[in-house]
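Below is one structure; the comments refer to it alone.
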Amino acid sequence: MPSVPTTVLCHLPDGYLRLGELEGLFPAVKFVRVPTSGPVPPGVSGEVLVTVAGPSDNLVDLLGRGVRWVHCTGHG
1 MPSVPTTVLC HLPDGYLRLG ELEGLFPAVK FVRVPTSGPV PPGVSGEVLV
51 TVAGPSDNLV DLLGRGVRWV HCTGHG
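Numbering-wise, the sequence shown is residues 1 to 76 according to this note's numbering.
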């Protein structure tokens, strides 16, 4: 188990996932909500990005924030 929690950037519409439940089930994971459009707050970074299959004007910015794995919901 890593000493630093894995950070998951949640690039999802409001209400898409019940993040409170996920936080309870996976206490070693840090879930960070990020906007689906517009500027990404400074200092936001994470190893995992969860997003939807759709256009987004800030996706490229998020991918440059330390992301090593992307999961796209609705991909198949």
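Note that the Cβ used here is the ideal one computed from N, Cα and C, for glycine as well.
For residue 70, the enclosing beta strand (DSSP E) begins and ends at 69–73.
Residue 73 sits exposed, since fewer than 16 C-beta atoms from the chains shown fall within 10 Å of its C-beta. When DSSP states are grouped into helix, strand and coil, residue 52 belongs to the strand group. Buried is the label assigned to residue 49, since at least 16 other Cβ atoms lie within 10 Å of its Cβ. Scanning 33, 27 and 22 for the CA closest to the CA of residue 13 turns up 33.
Per DSSP, reduced to three states, the secondary structure at residue 60 is helical. Judged by their CB atoms, residue 31 and residue 10 are nearer to each other than the 7 Å cut-off.
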